[in-house]
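Numbering (our numbering) for the sequence shown: 3 to 142. No residue lacks a Cβ here, since even glycine has one placed at the ideal position from N, Cα and C. Below is one structure, written out as structure tokens, with a few remarks after it.
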Amino acid sequence: MATYWDPFQDMDRLFGTLAANTRNATAMPMDLFREGDHFVLAADLPGIDPGSIDVSCEDRTLTIRAERTSRSAEGQWLLRERPAGTVARQVTLGRGLALDKISASYADGVLTLTIPVAEEAKPRKIEVTHSGSEATQIEA
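Here is the structure:
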């Protein structure tokens, strides 16, 4: 039986682990969808202390920031793929949203933000009148 041996395999694995830890430390996968008259943003934040989650909105930029603490190990690490540190994500929101009415909840490692559409941005009916007949409504 032949065996394949790569002298750089351990180096590749070590570099991949280091690169993955720095890359994943700032990763925050999220979904954004519209549901009726509001938008829902769901961000994955597993292992985050809920007290460290900070959500802020300045101008039209929504910022989500959280801290994932590292588990201290008395012994020697054999594998360390769960990154620790600060994770952050910024999303630029469009016009027509009620930024002062955003609500947030955190459950099962998922931060859920509900962003309502502003009243002035919702579709409305405009009455059109003309002389000689009754008023007619046109949907805008």
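Cα-Cα separation between residue i and residue j, rounded to whole angstroms
i: A44; j: S74; result: 29 angstroms
i: A68; j: A109; result: 14 angstroms
i: C59; j: E121; result: 19 angstroms
i: G101; j: L34; result: Note that residue 101 is Leu in the sequence shown here, rather than Gly. Distance between the alpha carbons of L101 and L34: 16 angstroms.
i: T117; j: K124; result: Residue identity check: residue 117 is Ile in the sequence provided, not Thr. Their backbone Cα atoms lie some 14 angstroms apart in a straight line.
i: R70; j: R82; result: 14 angstroms
i: G111; j: L99; result: 26 angstroms
i: E76; j: S54; result: 25 angstroms
i: S105; j: S133; result: 47 angstroms
i: P52; j: S107; result: 10 angstroms
Sub-7 angstroms separation of residue i and residue j beta-carbons
i: L113; j: L47; result: yes
i: I50; j: V57; result: no
Distance between beta carbons of residue j and residue i, contact taken as under 8 angstroms
i: V93; j: D39; result: Wrong, their Cβ atoms sit about 19 angstroms apart, outside the cutoff.
i: V89; j: M30; result: 5 angstroms
Cβ shell of residue i (< 6 angstroms), same chain only, five flanking positions each side left out
i: L95; result: R62 and L64
i: F41; result: I117
i: S72; result: A86
i: R91; result: M30 and I66
i: K103; result: P118
Minimum length 3: unbroken beta strand (DSSP E) runs contained in the stretch 92 to 137: With a minimum length of 3 residues, the continuous beta strand (DSSP E) runs that stay inside the stretch 92 to 137 are 105 to 109, 112 to 118 and 127 to 130.
In chain order, which continuous runs of the beta strand (DSSP E) of length 3 or greater are located wholly inside the stretch 27 to 90? Runs of beta strand (DSSP E) with 3 or more residues, each lying fully within the stretch 27 to 90, are found at 32 to 37, 40 to 46, 56 to 60 and 63 to 70, listed in chain order.
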